[in-house]
Amino acid sequence: MSKDYGKYFGSAMMVGFGFVAFYRWQQTQLIFFLLLVLRDFAAGYFFLKRNPAQSKGPKLLTVLAYLSSAMPLLYLDSTVSTKTLFLASDLLAIFGFLIVVLATVELGTSIGISPANRGVVRSGVYGYVKHPMYFGYVVSEIGLVILNPLNAALFALSLSLYIFRSKSENKVLQVIH
């Protein structure tokens with residue numbers, strides 16, 4: 537089996553995304569971006585520890601996966617000022633990222649951004665939801681649409697990419713659930 541140099545690239549990308557997310561958090565003070573920092577740094581760590589892939593998807597899927605992972609950094613700041621909407625957004629972000637963290641820990645050394653077979657995980661949150669990370673991202677990103685309706689267009693694109701990525705991963709993993 538060849539050496540997995542992609543894990544170093546993936547780790548560097550995720551840490552880089554984490555620094556951008558920190559900058560966005562400083563700009564907006566939205567908890568979503570602070571939680572994104574934690575996700576990106578944790579993913580960067582797990583990338584370094586990950587198992588080599590038994591099989592991989594096409595390079596185009598890798599590019600789309602990294603673009604999809606960076607898209608949350610593009611969400612616009614809030615246009616509302618009510619505490620109720622900020623609270624709703626924060627609760628959605630916390631709940632969504634809790635699912636993402638549980639899924640990340642459950643994946644552990646099987647983590648990857650692009651579709652690849654590093655083993656199938658069916659325990660923990662993966663026992664309830666086939667793609668819990670994407671589900672968690674969708675939940676948390678809904679909070680940003682609540683705060684700024686212009687984010688709906690980015691959310692629609694993001695959701696489309698999550699669906700595409702999940703179908704691509706299913707093909708690579710050849711999972712029958």
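Quick note on numbering: the working numbering labels position 156 of the sequence shown as 692, and the sequence is numbered without any gaps. For each residue, glycine too, the CB sits at the ideal point set by N, CA and C.
Asked: Give the straight-line distance between the Cα atoms of residue 687 and residue 621, rounded to the nearest whole angstrom.; Found: 15 angstroms
Asked: Count the CB pairs spanning the stretch 669 to 680 and the stretch 625 to 643 that are closer than 8 angstroms, and state whether there are at least three.; Found: yes
Asked: Quick check: what's the CA-CA separation for residue 682 versus residue 564?; Found: 15 angstroms
Asked: Which of the three DSSP states is assigned to residue 707 in this structure?; Found: helix
Asked: Leaving out the 5 sequence neighbours to the left and right, which residues in its chain are closer than 8 angstroms to residue 548 when beta-carbon positions are compared?; Found: 580
Asked: As a quick exercise: from 625, 667, 624, pick the residue whose alpha carbon is nearest that of residue 642.; Found: 667
Asked: Just mark residue 696 as buried or exposed, buried being the case when its beta carbon has 16 or more other beta carbons within 10 Å.; Found: exposed
Asked: Mapping DSSP to helix, strand and coil, what is residue 664?; Found: coil
Asked: Count the other CB atoms within 10 Å of the CB of residue 658; is the residue buried (16 or more) or exposed (fewer)?; Found: exposed
Asked: One question on the structure: do residue 597 and residue 694 come within less than 9 angstroms of each other, judged by their Cβ atoms?; Found: no
Asked: Between 560, 543, 544, 692, which lies nearest to residue 614 when the distance is taken from Cα to Cα?; Found: 560
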